[in-house]
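Chemist: Got a structure here, written out as structure tokens. Questions coming.
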Amino acid sequence: MLWSKDFIPTLKEIPQDAESISHQLMLRAGLVRMLMAGVYSYLPLGLRVLNNIENIIRQEMNAAGASELLLPALQPQELWLKSKRDNEMGEVMIRFVDRKNRHICLGPTHEEVITDLIKGHISSYRQLPLVLYQIQTKFRDEIRPRFGVVRACEFIMKDAYSFDKDEDSLDKNYEIMHKAYRKIFKRLGLDFLTTEADPGVMGGNMSHEFMVPAASGEDLVWLCPKCKLVKPFLGEKEEICPKCGKGLEKINTIEVGHIFKLGAKYSSLLQANFIDADGKIKPIIMGCYGIGVSRLIAAIIEQNNDQSGIIWPMEVSPFKVIISALDVSEKKIMQKAALIYEKLNSQGIEVLFDDRDERAGVKFKDADLLGIALQIIIGKESLKKNTIELKIRRTNKKITAKEADILKQVKKIING
Ligand code: ATP
Ligand code: MG
């Protein structure tokens, strides 16, 4: 992609209304723009990151045996009355009445819809277990939308649902999902913690949260610096690790995932039953598994940045490589840059070619701000010595490569 043809509105100044580092950097690097409080447009670079995150999630969900579907965002309020969550959701749920006088809400989550769907199609234990997931937009009228995409009113979630014949089988699916979650967050380049959480509004009897330590995180937890035990933060009183006796530290985290054993809560209320091997009618045993897909962009940035900007982990980098051509009026520089651009493109390597008529200083600053994992710099020096300079964004390490070796070098760095 040529920068001059793309839409990457970078900002030099720190936006006044953005409190957290990730929010500031997402605005400055041209990833998102706010339409109104809690509602964001994803610009081309932001969408690339979002797609990369979604692909990692898809790969790990599919590998764990889950099938992807897509449920509607418009839901009948009637279903929420049946599940007895209509009141509980209160004003968080966005509601309206349509022209046919149907009472409708914009889905804040999808337990009701999927249970209702499954109900009509699962009748025998032979059809179980089953795990389904979707990556979809959710709507919640949050009291206090904050920190950009971290707490938004319209956001993207991956939500998965498991259906089993009994608790033992649910335990197995739950463990498979727990493992898949650890793989996903690792591939996203995150340093994360898991805690046992309060099942709260979801109901059920067991749940785990996945938390990313970050200065701007709204969720406080106690962490043991030695054995990494995590306890929910319930009071100011200094606590001691129940495992090793060390003093616990209070840290801020962002919740990026939450998994629950729901049991028969929804299936019994919505009559999603099956006939077991013993001929008896039983409610389907369910689990649900959420990931804050759009929130993850911010969580990744919170943990991967420096004074100059974002530092994308390789797998989520919006482009793998940025080529900075330092003087667009110099024909030979542009020819050389274009040649390398074509070469990398033909190998399926995603490259952003900074072909803008800007000063070298501006290009260096913007390349660092964008955080693309690998920079290729082509200037007068390159022409003179017939070499090309590479810079690894994370380490600032510079490598001088012969032009003939460039593809080999780039592949080596990209593949770690
Ligand atoms: P929180 O405590 O942060 O409000 P939650 O318990 O309401 O989260 P769930 O209903 O379990 O969240 O949703 C699954 C995941 O979706 C959460 O772990 C979080 O990563 C993400 N998420 C929830 N609410 C929002 C929001 N308003 N904006 C962006 N992501 C969100
Ligand atoms: Mg919430």
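Its first residue numbered 951, the sequence shown is counted upward by one per residue in this note's numbering. Note that CB positions come from ideal geometry on N, CA and C, so glycine has one too. Quick caveat: nothing in here was measured; it's all calculated off a predicted structure.
Given Leu1320, which residues of its chain have a CB within under 6 Å of its CB, disregarding the five upstream and five downstream residues?
Modeler: Numbered from 1 along the sequence shown, position 370 holds the residue referred to as residue 1320. Here the set comprises Ala979.
Chemist: Where does the unbroken beta strand (DSSP E) through Asn1202 begin, and where does it stop?
Modeler: What you label residue 1202 is simply residue 252 of the sequence shown in a count that begins at 1. Segment Glu1199 to Gly1213, the beta strand (DSSP E) holding Asn1202.
Chemist: Look up Tyr1239 in the DSSP assignment and give the residues it is bridged to.
Modeler: Along the sequence shown, one-based indexing puts residue 1239 at 289. According to DSSP, Tyr1239 bridges with Ala1110 and Ile1209.
Chemist: Which residues bound the beta strand (DSSP E) around Trp1030?
Modeler: For the purposes of this step, residue 1030 is taken as residue 80 along the sequence shown, with counting starting at 1. It is not in any beta strand (DSSP E) - Trp1030 instead sits in the alpha helix (DSSP H) that spans Gln1027 to Lys1032.
Chemist: Looking at the unbroken alpha helix (DSSP H) that takes in Gln974, where does it start and where does it end?
Modeler: Working through the sequence shown from its first residue, we reach residue 974 at position 24. Counting along the chain, the alpha helix (DSSP H) containing Gln974 begins and ends at Ile971 to Arg978.
Chemist: Given Arg1052, which residues of its chain have a CB within under 8 Å of its CB, disregarding the five upstream and five downstream residues?
Modeler: Here the question's residue 1052 lines up with position 102 in the sequence shown. So the list reads Pro1026, once near-sequence residues are dropped.
Chemist: Would you kindly work out how many angstroms separate the C-alpha atoms of His1158 and Gly1139, rounded to a whole number?
Modeler: Within the sequence shown, numbered from 1, the residue matching residue 1158 stands at position 208. Within the sequence shown, numbered from 1, the residue matching residue 1139 stands at position 189. Roughly 20 Å separates the two Cα atoms.
Chemist: How is Lys1341 classed by DSSP in three states: helix, strand or coil?
Modeler: Here the question's residue 1341 lines up with position 391 in the sequence shown. Strand at Lys1341.
Chemist: Shortest alpha-carbon distance to Pro1192 belongs to which of Lys1181, Ile1201, Glu1186 and Lys1200?
Modeler: By 1-based counting over the sequence shown, the position of residue 1192 is 242. When each option's Cα is compared against that of Pro1192, the closest is Lys1181.
Chemist: Based on Cα-Cα distance, which residue from Ser1119, Phe1089, Thr1059 and Thr1337 lies nearest to Tyr1075?
Modeler: Numbered from its first residue, the sequence shown carries residue 1075 at position 125. The shortest C-alpha separation from Tyr1075 is found at Ser1119.
Chemist: Closer than 7 Å: is that where the CB of Arg983 sits relative to any heavy atom of ligand 1?
Modeler: In the sequence shown, residue 983 corresponds to position 33, counting from 1. Arg983: no, Cβ never under 7 Å from ligand 1.
Chemist: Any heavy atom of ligand 1 within a distance shorter than 7 Å of the CB on Arg1132?
Modeler: Residue mapping note: residue 1132 aligns to position 182 of the sequence shown, counting from 1. Because no heavy atom of ligand 1 lies under 7 Å away, the Cβ of Arg1132 does not count as near it: no.
Chemist: With a CB to CB cut of under 8 Å and the five nearest residues on each side skipped, what residues in its chain are close to Asn1002?
Modeler: Numbered from 1 along the sequence shown, position 52 holds the residue referred to as residue 1002. Once the five neighbours on either side are set aside, the close Cβ partners of Asn1002 are Glu1265, Val1266, Ser1267 and Pro1268.
Chemist: Thinking Asp1169 and Gln1253 are a contact (beta carbons under 8 Å), I'd like their distance in whole angstroms, please.
Modeler: Residue 1169 sits at position 219 when you count from the first residue of the sequence shown. Residue 1253 sits at position 303 when you count from the first residue of the sequence shown. In fact, because the Cβ distance is near 15 Å, the residues do not count as touching under 8 Å.
Chemist: Measuring only from the beta carbon, is Ala1102 closer than 7 Å to any heavy atom that is part of ligand 1?
Modeler: Position 152 of the sequence shown, counting from 1, holds the residue named residue 1102. Yes.
Chemist: Would you call the stretch 1058-1078 and the stretch 1102-1114 touching, i.e. three or more CB-CB distances under 8 Å?
Modeler: Verdict: yes, contact present.
Chemist: Between Arg1035 and ligand 1, is the CB less than 7 Å from at least one heavy atom?
Modeler: Within the sequence shown, residue 1035 is the residue found at index 85, counting from 1. Not under cutoff, so the answer is no.
Chemist: In whole angstroms, give me the CA-to-CA distance for Glu1189 and Lys1136.
Modeler: Indexing the sequence shown from 1 puts residue 1189 at position 239. Indexing the sequence shown from 1 puts residue 1136 at position 186. Going from the Cα of Glu1189 to the Cα of Lys1136 covers about 29 Å.
Chemist: Cβ-heavy atom distance between Phe1105 and ligand 1 below 7 Å?
Modeler: Numbered from its first residue, the sequence shown carries residue 1105 at position 155. Yes, the Cβ of Phe1105 comes within 7 Å of a heavy atom of ligand 1.
Chemist: For Ile1126, which residues of its own chain have a beta-carbon under 6 Å away from its beta-carbon, when the five flanking residues on both sides are left out?
Modeler: Within the sequence shown, numbered from 1, the residue matching residue 1126 stands at position 176. Same-chain partners within the cutoff: Ala1014.
Chemist: Would a C-beta distance cut-off of 8 Å place Ile1241 and Gly1207 closer than the cut-off?
Modeler: Taking the sequence shown and counting its residues from 1, one reaches residue 1241 at position 291. Taking the sequence shown and counting its residues from 1, one reaches residue 1207 at position 257. Yes, the pair counts as a contact, with Cβ atoms nearer than the cut-off.
Chemist: Name the DSSP bridge partner or partners of Gly1259?
Modeler: Along the sequence shown, one-based indexing puts residue 1259 at 309. The partner list for Gly1259 (beta bridge, DSSP) reads Asp1256.
Chemist: Using a threshold of 8 Å, state whether the C-beta atoms of Ile1363 and Leu1324 are closer than that.
Modeler: Residue mapping note: residue 1363 aligns to position 413 of the sequence shown, counting from 1. Residue mapping note: residue 1324 aligns to position 374 of the sequence shown, counting from 1. Cβ distance < 8 Å, so Ile1363 and Leu1324 count as in contact.
Chemist: In angstroms, rounded to a whole number, what distance separates the CA positions of Gly1329 and Asp956?
Modeler: Counted from its first residue, the sequence shown places residue 1329 at position 379. Counted from its first residue, the sequence shown places residue 956 at position 6. Using only the alpha carbons, I get a separation of about 22 Å.
Chemist: Would you say Gly1057 touches ligand 1, meaning its beta carbon is less than 7 Å from a heavy atom?
Modeler: Here the question's residue 1057 lines up with position 107 in the sequence shown. Outside the cutoff, so no.
Chemist: Let me confirm a value: Pro959 is counted as buried when at least 16 other C-beta atoms fall within 10 Å, else exposed. Which label applies?
Modeler: For the purposes of this step, residue 959 is identified with residue 9 of the sequence shown, where counting begins at 1. Burial call: exposed.
Chemist: Ends of the alpha helix (DSSP H) at Ala1317?
Modeler: Looking up residue 1317 in the sequence shown gives position 367. Ala1310 to Leu1320 is the span of the alpha helix (DSSP H), which, as asked, contains Ala1317.
Chemist: Can you tell me which of the three DSSP states Arg1245 falls into?
Modeler: Numbered from its first residue, the sequence shown carries residue 1245 at position 295. If DSSP states are grouped into helix, strand and coil, Arg1245 belongs with the helices.
Chemist: Taking Cβ to Cβ, would you say Lys1200 is nearer than 8 Å to Lys1176?
Modeler: Numbered from 1 along the sequence shown, position 250 holds the residue referred to as residue 1200. Numbered from 1 along the sequence shown, position 226 holds the residue referred to as residue 1176. No; because the gap between Cβ atoms is not below 8 Å, this pair is not in contact.
Chemist: Checking 8 Å against the spacing of the C-beta atoms, do Glu1062 and Tyr1216 come in under that value?
Modeler: Position 112 of the sequence shown, counted from the start, is the residue given in the question as residue 1062. Position 266 of the sequence shown, counted from the start, is the residue given in the question as residue 1216. For Glu1062 and Tyr1216, yes; Cβs fall inside 8 Å.
Chemist: Which residues bound the alpha helix (DSSP H) around His1128?
Modeler: As a first step, residue 1128 must be located in the sequence shown, where it is residue number 178. Glu1117 to Arg1137 is the span of the alpha helix (DSSP H), which, as asked, contains His1128.
Chemist: Looking only at its chain, what residues have a beta carbon closer than 6 Å to the beta carbon of Leu1143, apart from the 5 residues adjacent to it on each side?
Modeler: Working through the sequence shown from its first residue, we reach residue 1143 at position 193. So the qualifying residues of the chain are Met1161 and Val1180.
Chemist: Please go through the stretch 1045-1084 and give each complete beta strand (DSSP E) segment of 3 or more residues, from N-terminal end onward.
Modeler: Runs of the beta strand (DSSP E) inside the stretch 1045-1084: 1053-1056.
Chemist: Any idea if Ile1247 is buried or exposed, counting beta-carbon neighbours within 10 angstroms, 16 or more meaning buried?
Modeler: On the sequence shown, residue 1247 is found 297 positions in, with the first residue counted as 1. Ile1247 should be labelled buried.
Chemist: Using a Cβ-Cβ cut-off of 6 Å (strictly less than) and excluding sequence neighbours within five positions of Glu1028, which residues of its own chain qualify?
Modeler: As a first step, residue 1028 is located in the sequence shown; it is residue number 78 there, counting from the start. Closer than 6 Å at the Cβ level, and outside the excluded window around Glu1028, lies no residue.
Chemist: Are the beta-carbon atoms belonging to Ile1251 and Ser972 less than 8 Å from one another?
Modeler: For the purposes of this step, residue 1251 is taken as the residue at position 301 of the sequence shown. For the purposes of this step, residue 972 is taken as the residue at position 22 of the sequence shown. Their beta carbons are under 8 Å apart, which means Ile1251 touches Ser972 by this criterion.
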